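K.L.:
Those letters in the sequence shown? Residues 1 to 381, per our numbering, in order. For glycine and all other residues, C-beta sits at the position ideal for the given N, C-alpha and C. In this text the structure is predicted, and so the values were computed from the model without any measurement.
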Amino acid sequence: NPLAESVTHKTLAATLDVFESTTRRYGKPEFGLHETEIDGKPVPVTEKIVWERPFCRLIHFEREPSAMKDVGTQPKLLIVAPLSGHYATLLRGTVEAMLPYNEVYITDWTDARMVPLTEGDFDLDDYIDYIIDMCHELGPDVHLLAVCQPSVPVFAAVAVMHENDDPYVPLSMTLMGGPIDTRESPTEVNRLATERGTEWYERNVVMTVPWPHPGVMRRVYPGFVQLSGFMAMNLDRHMDAHWAYFDHMVEGDGDSAEKHREFYDEYLSVMDMTAEFYLQTVDEVFVKHSLPKGEFTHRGKVVRPEAITKTALMTVEGEKDDISGVGQTKAAHKLCTKLAKSKKAHWEQPGVGHYGVFNGSRWKAEIAPRVRAFMAKHSKR
1 NPLAESVTHK TLAATLDVFE STTRRYGKPE FGLHETEIDG KPVPVTEKIV
51 WERPFCRLIH FEREPSAMKD VGTQPKLLIV APLSGHYATL LRGTVEAMLP
101 YNEVYITDWT DARMVPLTEG DFDLDDYIDY IIDMCHELGP DVHLLAVCQP
151 SVPVFAAVAV MHENDDPYVP LSMTLMGGPI DTRESPTEVN RLATERGTEW
201 YERNVVMTVP WPHPGVMRRV YPGFVQLSGF MAMNLDRHMD AHWAYFDHMV
251 EGDGDSAEKH REFYDEYLSV MDMTAEFYLQ TVDEVFVKHS LPKGEFTHRG
301 KVVRPEAITK TALMTVEGEK DDISGVGQTK AAHKLCTKLA KSKKAHWEQP
351 GVGHYGVFNG SRWKAEIAPR VRAFMAKHSK R
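In structure tokens form, the structure reads like this:
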């Protein structure tokens, strides 16, 4: 078709493509990590479900056992993905960077609209219970890596395990870009939560799952609402990206257009959270600041960070993080008053924002090696 290469045809095709990509509902992405490289050799990787509950599955990225015979034992790592609107696949780059050096597991949270009401509720207490159960499943030689939102429940879970003299306390926990104390360098996200209060969110953003989804009648905080908030924070950047995508399509620059598609196919794929989990998180973490005030509870019992004495603690922050401000994650160290200084480490990465803490070139080249070194240092009691 001679018209196919005309500017008019390319412009129309690009317009329709942009419209379609910004209006369709995106499904759950795949990790697509079928291979890693260890000592210069390719090693096949297979995803296996090793633990499952109604609201979460635990995925093991199993490296081909025959290829691992000469490698020796490597640290066991549980990556706790955020339950904040995106799927765990947003951490694909996090997993990829750790695969050559660790036995990697990741939490695969379930879209709440897909969970029938008969499975019951899921709140912050349940989240903490899930983390503890996973630690029991993986054994006492596991390291935890919490990205953003899970920093608070992971920290609480470790404190609860210490309080209960649990023999399965993890060897270390690394908290990255997490809201341990949002009074430190409050961001726009933090200020909005404080000003509006929990009741505003319950009135305005909680919805009921419609038929025919399995979770029909379940009260949820929809992922698209969270996504809208994230997009609005950097609207100019997203608009510029879509204009650039449009131009690449018209010019026939397939490589640049494909990179845009890959990013937004992931970024626009969202999931719902249960209303009780979302509202409890807003209230305890962003409105009341319960954890740093010593008022955070699990199953009615106050969580005591000072109980943490065995699990090493590393915190990582991004200099330009506009979601979890500088100092919010580092605050965890002040709470662990009984943890030896030799078991503590902190790293602030210059020049990166929130997503740069766990994805991209700086993560791979500068942050991940430090996290791995910290885990290696604390791989024995």
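Which of the three DSSP states is assigned to Asn153 in this structure?
P.N.:
In the sequence shown, counting from the first residue as 1, residue 153 sits at position 153. Residue identity check: residue 153 is Pro in the sequence provided, not Asn. Three-state DSSP puts Pro153 in a helix.
K.L.:
Under three-state DSSP, which class holds Met176?
P.N.:
Mapped onto the sequence shown, residue 176 falls at position 176. Strand.
K.L.:
So, is Val50 buried or exposed, given that buried needs 16 or more other C-beta atoms within 10 angstroms?
P.N.:
Against the sequence shown, residue 50 aligns to sequence position 50. It counts as exposed.
K.L.:
Please give the ranges of any alpha helix (DSSP H) in the region 177–210, keeping only runs that are unbroken, at least 4 residues long and fully inside the region.
P.N.:
188–204
K.L.:
Gly360 to Ala373, Cα distance in whole Å?
P.N.:
Taking the first residue of the sequence shown as 1, we reach residue 360 at position 360. Taking the first residue of the sequence shown as 1, we reach residue 373 at position 373. In a straight line, the C-alpha of Gly360 is about 19 Å away from that of Ala373.
K.L.:
On the DSSP bridge assignment, give the partners of Val104 in chain order.
P.N.:
Translated into the one-based positions of the sequence shown, residue 104 becomes position 104. Paired residues: Leu77.
K.L.:
Determine the DSSP secondary structure at Tyr278, reduced to helix, strand or coil.
P.N.:
The count along the sequence shown starts at 1 and reaches residue 278 at position 278. Tyr278 falls in the helix class under three-state DSSP.
K.L.:
I think Gly325 touches Ser185, with their Cβ atoms under 8 Å apart; what is that distance to the nearest whole Å?
P.N.:
For the purposes of this step, residue 325 is taken as residue 325 along the sequence shown, with counting starting at 1. For the purposes of this step, residue 185 is taken as residue 185 along the sequence shown, with counting starting at 1. So it is a contact: roughly 3 Å between Cβ atoms.
K.L.:
With H, G and I counted as helix, E and B as strand and the rest as coil, what does DSSP make of Leu339?
P.N.:
Residue mapping note: residue 339 aligns to position 339 of the sequence shown, counting from 1. Coil at Leu339, not helix or strand.
K.L.:
Given this structure, state the Cα-to-Cα distance separating Ala307 from Pro153, to the nearest angstrom.
P.N.:
Residue mapping note: residue 307 aligns to position 307 of the sequence shown, counting from 1. Residue mapping note: residue 153 aligns to position 153 of the sequence shown, counting from 1. C-alpha separation (whole angstroms): 15 Å.
K.L.:
Could you compute how far the alpha carbon of Tyr221 sits from the alpha carbon of Leu124?
P.N.:
Here residue 221 corresponds to residue number 221 of the sequence shown, with the count starting at 1. Here residue 124 corresponds to residue number 124 of the sequence shown, with the count starting at 1. Looking at the two C-alpha atoms, the distance is approximately 14 Å.
K.L.:
Would you report the Cα separation of Pro140 and Trp211, rounded to the nearest angstrom?
P.N.:
As a first step, residue 140 must be located in the sequence shown, where it is residue number 140. As a first step, residue 211 must be located in the sequence shown, where it is residue number 211. Approximately 43 Å between the Cα atoms of the pair.
K.L.:
Between the beta-carbon of Val352 and the beta-carbon of Glu319, is there less than 8 Å?
P.N.:
Here residue 352 is taken as the residue at index 352 of the sequence shown, counted from 1. Here residue 319 is taken as the residue at index 319 of the sequence shown, counted from 1. Taking 8 Å as the cut-off, the Cβ atoms of Val352 and Glu319 count as close.
K.L.:
Classify Arg381: buried if its beta carbon has 16 or more other beta carbons within 10 angstroms, exposed otherwise.
P.N.:
What you label residue 381 is simply residue 381 of the sequence shown in a count that begins at 1. Flag for Arg381 reads exposed.
K.L.:
Within this structure, are the beta carbons of Pro214 and Thr311 separated by less than 8 Å?
P.N.:
Looking up residue 214 in the sequence shown gives position 214. Looking up residue 311 in the sequence shown gives position 311. Result no, Cβ atoms of Pro214 and Thr311 do not sit closer than 8 Å.
K.L.:
Give me the Cβ distance between Val80 and Ala146, rounded to the nearest whole Å; I'm assuming they're in contact under 8 Å.
P.N.:
Within the sequence shown, residue 80 is the residue found at index 80, counting from 1. Within the sequence shown, residue 146 is the residue found at index 146, counting from 1. At roughly 5 Å, the Cβ-Cβ gap stays under 8 Å, so Val80 and Ala146 are in contact.
K.L.:
In chain order, what residues of the same chain lie with their CB nearer than 8 Å to the CB of Leu291, ignoring the 5 residues before and after it?
P.N.:
As a working note, residue 291 is residue 291 in the sequence shown. If we look at Leu291 and ignore the five residues flanking it on each side, its Cβ neighbours are Val152, Phe155, Ala156, Ile180, Asp181, Glu284, Val285, Val303, Pro305 and Leu335.
K.L.:
Under 8 Å, with one C-beta from each stretch per pair, do the region 99–109 and the region 54–71 reach the 3-pair mark?
P.N.:
yes
K.L.:
What is the residue span of the beta strand (DSSP E) that Gly318 lies within?
P.N.:
By one-based count along the sequence shown, residue 318 stands at place 318. Following the DSSP letters along the chain, one finds Gly318 inside the beta strand (DSSP E) bounded by residues Ala312 to Gly318.
K.L.:
Considering only residues of the same chain and omitting the five flanking positions on each side of Asp121, which have a CB-CB separation below 8 Å?
P.N.:
Within the sequence shown, residue 121 is the residue found at index 121, counting from 1. Cβ neighbours of Asp121 beyond the five flanking positions: Thr274 and Glu276.
K.L.:
Report the option in Asn190, Lys69 and Ala331 whose CA atom is closest to the CA atom of Ala345.
P.N.:
Along the sequence shown, one-based indexing puts residue 345 at 345. The shortest Cα separation from Ala345 among Asn190, Lys69 and Ala331 belongs to Ala331.
K.L.:
Note down, in chain order, each residue of its chain lying with its Cβ closer than 6 Å to the Cβ of Phe358, except the 5 sequence neighbours on either side.
P.N.:
Along the sequence shown, read from residue 1 onward, the residue named residue 358 stands at position 358. Taken in chain order, the residues that qualify are Thr94, Val147 and Met176.
K.L.:
Would you say Ala368 and Pro75 are within 8 Å of each other, going by their C-beta atoms?
P.N.:
One-based indexing of the sequence shown puts residue 368 at position 368. One-based indexing of the sequence shown puts residue 75 at position 75. No, they are not a contact pair.
K.L.:
If I measure Cβ to Cβ from Phe55 and keep anything under 8 Å in the same chain, skipping five residues before and after, which residues do I get?
P.N.:
In the sequence shown, counting from the first residue as 1, residue 55 sits at position 55. Hits under 8 Å: Trp109, Thr110, Ala112, Val115, Glu119, Phe122, Asp126, Tyr130 and Thr274.
K.L.:
To the nearest angstrom, how far is it from the Cα of Ile132 to the Cα of Gly300?
P.N.:
Taking the sequence shown and counting its residues from 1, the one referred to as residue 132 is at position 132. Taking the sequence shown and counting its residues from 1, the one referred to as residue 300 is at position 300. The alpha-carbon atoms of Ile132 and Gly300 are separated by roughly 17 Å.
K.L.:
Since Pro369 is in the alpha helix (DSSP H), which residue starts that stretch and which ends it?
P.N.:
Residue 369 sits at position 369 when you count from the first residue of the sequence shown. Its alpha helix (DSSP H) spans residues Ala368 to Lys377.
K.L.:
Give me, in chain order, the residues of the same chain whose beta-carbon lies closer than 8 Å to that of Thr198; leave out the 5 immediate sequence neighbours on both sides.
P.N.:
In the sequence shown, counting from the first residue as 1, residue 198 sits at position 198. Within the same chain, Thr198 has close Cβ partners Leu279, Val282, Asp283 and Val287.
K.L.:
Does DSSP put Cys56 in a helix, a strand or coil?
P.N.:
By 1-based counting over the sequence shown, the position of residue 56 is 56. Cys56 falls in the strand class under three-state DSSP.
K.L.:
So, for Lys338: in the same chain, excluding its five sequence neighbours on each side, which residues have a beta-carbon less than 8 Å away from its beta-carbon?
P.N.:
In the sequence shown, residue 338 corresponds to position 338, counting from 1. Excluding residues within five positions, the ones whose Cβ falls inside 8 Å are Glu306, Ala307, Ile308 and Thr309.
K.L.:
Check whether the Cβ atoms of Gly223 and Asp166 sit closer than 8 Å, and answer yes or no.
P.N.:
Residue 223 sits at position 223 when you count from the first residue of the sequence shown. Residue 166 sits at position 166 when you count from the first residue of the sequence shown. At least 8 Å separates the beta-carbon of Gly223 from that of Asp166.
K.L.:
Taking the alpha carbon of Leu313 as the point to measure from, which residue in Thr89, Gly327, Val205 and Ala340 has its own alpha carbon closest?
P.N.:
To locate residue 313, count along the sequence shown from 1; it is residue 313. Of the candidates Thr89, Gly327, Val205 and Ala340, the one whose C-alpha sits nearest the C-alpha of Leu313 is Ala340.
K.L.:
How should Ser172 be labelled, buried or exposed, when 16 other C-beta atoms within 10 angstroms of its C-beta is the threshold for buried?
P.N.:
In the sequence shown, counting from the first residue as 1, residue 172 sits at position 172. Burial call: buried.
K.L.:
Leaving out the 5 sequence neighbours to the left and right, which residues in its chain are closer than 8 Å to Pro44 when beta-carbon positions are compared?
P.N.:
Translated into positions along the sequence shown, residue 44 becomes position 44. Counting only Cβ-Cβ distances below 8 Å, and skipping sequence neighbours, we find His34, Glu35, Arg63, Glu64 and Ala67.
K.L.:
State yes or no: is the C-beta of Pro29 within less than 8 Å of the C-beta of Ser269?
P.N.:
Your numbering for residue 29 matches position 29 in the sequence shown. Your numbering for residue 269 matches position 269 in the sequence shown. Contact: yes.
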